[in-house]
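Just so you know, the sequence shown maps onto residues -13 to 552 in my numbering. C-beta: ideal position from N, C-alpha, C; glycine also. This report concerns only the one structure given below.
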Amino acid sequence: MTSTGIRLDAPAPGWAIDADVVVVGSGVAGLTAALRCTAAGLATVVVTKARLDDGSTRWAQGGIAAALGEGDTPEQHLDDTLVAGAGLCDEDAVRLLVTEGPDAVRRLIATGAHFDTDDSGAISLTREGGHHRRRIAHAGGDATGAEISRALVEAVRTRAVRTIENALVLDLLKDEDGRTAGITLHVMGEGQHDGVGAVRAPAVVLATGGMGQVFSATTNPSVSTGDGVALALRAGAEISDLEFVQFHPTVLFLGADSEGRQPLVSEAVRGEGAHLVDAAGTRFMLGQHELAELAPRDIVAKAITRQMQAQGAEHMYLDARHFGAAMWEQRFPTILAACRSHGIDPVTEPIPVAPAAHYASGGIRTDRHGRTTVPGLYACGEVACTGVHGANRLASNSLLEGLVFAENIAADIAAGASTPVRGKAVEPSLPAGPHGEPVPLLDPAARIQIQRIMTEGAGVLRSADSLAEAAGRLEAIRADEHKAAVPGVEAWETTNLLLVSRVLVAAAAAREETRGCHWREDRPDRDDASWQRHLVVRITPERSLDIHPTASATFPPTVAATPLEP
């Protein structure tokens, strides 16, 4: 593990609090980790960028996948996950997910989450893309994430877990031995503290969510600016598989110039029998995959994109008029309301849809205990790359991954296997070294430029030429010192977006094949001989990107996986 000595340009912390664990993020992964750490007797602080329930979990519609139904087994769930991952899943990590998943869901229910049930009182299960069985548990029809978030937030408040809301995490603190010693953060106006401060703790759990805001159109909320990945990179952690960004096939099309968060039309709509059609009403997924509209997301997104190209169209359609008004109102009330708010009534007309950035399958490289390559630093949820998703996430595995790996992280921290002994004096300091000057901050106006560059050059369709052009344009933004900005939330976010974008483009250019949700027009074939392996990226102290492949689809151990001496 190498320290980069790189940090954001920010004022020195003006206040500090102490804890055993600081969890950054308040989605299913972060709040689960916080609750389990608190239950283990650890003094835990939750830091979240907005309100406790404002993360991506809240927006999850479809549900949570687990082998809960009669006749279903973890082995079948494993098989579907491995197929969707296109040869890059770490099978041991997937086996952990599907084996521990059902009990993790039951513990979530015990925490207070209420899932939809049938007349017998059993959990109602549906299908989504890539699943051969009904194994998706849902709540409120299509409001699963909102219900899970409600239950976890209520539990956190009931247990009086200390929280700091409206706080943007900045950088990792380390002690003199290079171990994690906490974080710096900036509280934005309405928190317990004002301005830049620090939470000192020997264990930090990053659960900051995704990075969808690097693209112009995304299903992610505005807070998803890749802050956790950027922090980890500056701290010297390894990042993996960032080229695998899943574009959800069916996002409500609001116009070619529409930017920011777009309304999602859940995969569960197709799971209940909706059809993808063109303007003439022709189903184009038939014959393209055995599961037709329920093929894995990368296949459906590519098929929609190809059909749009072939017909010169800006979107395709999702036709579920045969559901009828009652089913729409009972099963998909959230989607129905979103469509109607934009002047579309899915009861009487097909829904215009097009792919948009949705989920990052890559992120901070971890082992099966959530440990990164920086001792004491953990990651879980979308910000992490556990090896579960491989080259393409299976639908509704994300909430389950957050649950399972968050619980494993809490158990590891409680056992003290990879953190300094509790009570040992830890003196955090800002990263230092020969290259320890802070990173110049970008003018927030560059955010839109970055998003458009990424959409044009590194979106659903990629090539060596498009990626080279994107890399050049991103480098020009980075090199333009005249756009340096004063410290502030928008400047920090934009600077994080640029760093994450540069890594994504570099990894996408290095992977010279098409696999999963990484689609290279100039390299249209999957190449297992050369590329059935992960790409690992880190920043050197000289601030260059070091990219190298792993030996196989199985991740090597993280440095932090070796227990440390007290």
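Under 8 Å between C-beta atoms of residue i and residue j
| i | j | result |
| --- | --- | --- |
| H344 | T205 | yes |
| I434 | C23 | no |
| R351 | T(-10) | no |
| P88 | L54 | yes |
| E368 | G195 | yes |
| D227 | L490 | no |
| P426 | T480 | no |
| R501 | A72 | yes |
| V209 | L17 | no |
| G373 | D66 | no |
| P341 | W314 | no |
| D102 | H124 | yes |
| C503 | S252 | no |
| R524 | S449 | no |
| H117 | A299 | no |
| E245 | A494 | no |
| A456 | A444 | yes |
| A36 | T170 | no |
| I321 | D128 | yes |
CA nearest to the CA of residue i, picked from the options
| i | options | result |
| --- | --- | --- |
| A70 | W1, A377, L386, A137 | A377 |
| V32 | A(-4), A193, V80, E162 | A193 |
| I95 | L460, L389, Q518 | L389 |
| L74 | P543, L531, G127, R519 | R519 |
| V80 | F391, A167, A397 | F391 |
| G402 | V339, P426, D6, T85 | D6 |
| V142 | E476, D451, G13 | G13 |
| A187 | L158, I50, S252 | L158 |
| L28 | G259, E276, A189, G127 | A189 |
| V91 | E335, I134, R459 | I134 |
| V173 | D163, E162, V185 | V185 |
| A19 | T67, R93, A515 | R93 |
| A25 | A397, E423, G445, T500 | A397 |
| P424 | H328, R529, A324 | R529 |
| R256 | G474, A306, L217 | A306 |
| G474 | A108, V182, R506, E162 | V182 |
| A153 | T144, G175, D161 | G175 |
| E279 | Q297, G259, T291, D264 | G259 |
| R113 | N383, A492, N482 | N383 |
| H275 | K288, D161, R44 | K288 |
| A311 | E335, L82, D451 | E335 |
| L277 | A266, S538, H261, R438 | H261 |
| G267 | Q293, P543, G246, I533 | Q293 |
| T526 | A223, L428, H375 | A223 |
| P319 | R438, I285, G126 | G126 |
Beta-ladder partner(s) of residue i, from DSSP
| i | result |
| --- | --- |
| S226 | G349, V522 |
| L639 | The chain is shown only over -13 to 552; residue 639 falls outside these bounds and no answer can be derived. |
| M302 | V339 |
| R148 | V31 |
| D66 | Per DSSP, none; premise fails for D66. |
| L192 | V10, A365 |
| V80 | BP columns for V80 are empty, so no partner. |
| V185 | I3, I169 |
| A266 | DSSP output for A266 lists no bridge partner at all. |
| A99 | In the DSSP output, where bridge partners are listed per residue, A99 has none listed. |
| I439 | According to DSSP, which records beta bridges pairwise, I439 is partnered with nothing at all. |
| D532 | R524 |
| V200 | Per DSSP, none; premise fails for V200. |
Contact belief for residue i with residue j at Cβ below 8 Å, rounded distance in angstroms
| i | j | result |
| --- | --- | --- |
| R283 | P235 | 6 Å |
| A51 | R121 | 5 Å |
| L238 | I337 | 7 Å |
| P207 | G41 | 7 Å |
| V155 | D78 | With a Cβ gap of about 30 Å, V155 and D78 do not count as contacting. |
| L385 | A46 | 6 Å |
| R136 | L21 | Not really, about 14 Å apart at Cβ, beyond 8 Å. |
| V263 | M302 | 7 Å |
| G11 | T34 | 6 Å |
| I436 | L460 | 7 Å |
Closer than 7 Å: residue i CB and nearest the ligand GTP heavy atom
| i | result |
| --- | --- |
| D4 | Inclusion of the ligand GTP in the displayed structure is not the case, the ligand content being empty and no account of it being possible. |
Exercise for review: Could you tell me which uninterrupted alpha helix (DSSP H) segments, each at least 4 residues in length, are contained entirely in the region 459 to 525, listed from first to last along the chain?
Suggested key: Segments of the alpha helix (DSSP H) lying fully in the region 459 to 525: 475 to 496, 514 to 517.
Review point. Unbroken alpha helix (DSSP H) runs of length 4 or more, entirely within the region 232 to 260: which are they?
Key: Runs of the alpha helix (DSSP H) lying entirely within the region 232 to 260, each at least 4 residues long, are 253 to 257 in chain order.
Practice item. Just list the beta strand (DSSP E) runs in the region 361 to 390, keeping only unbroken ones of 3 residues or longer that don't cross its boundaries, in chain order. Key: Taken in chain order, the complete beta strand (DSSP E) segments of 3 or more residues contained in the region 361 to 390 are 363 to 365.
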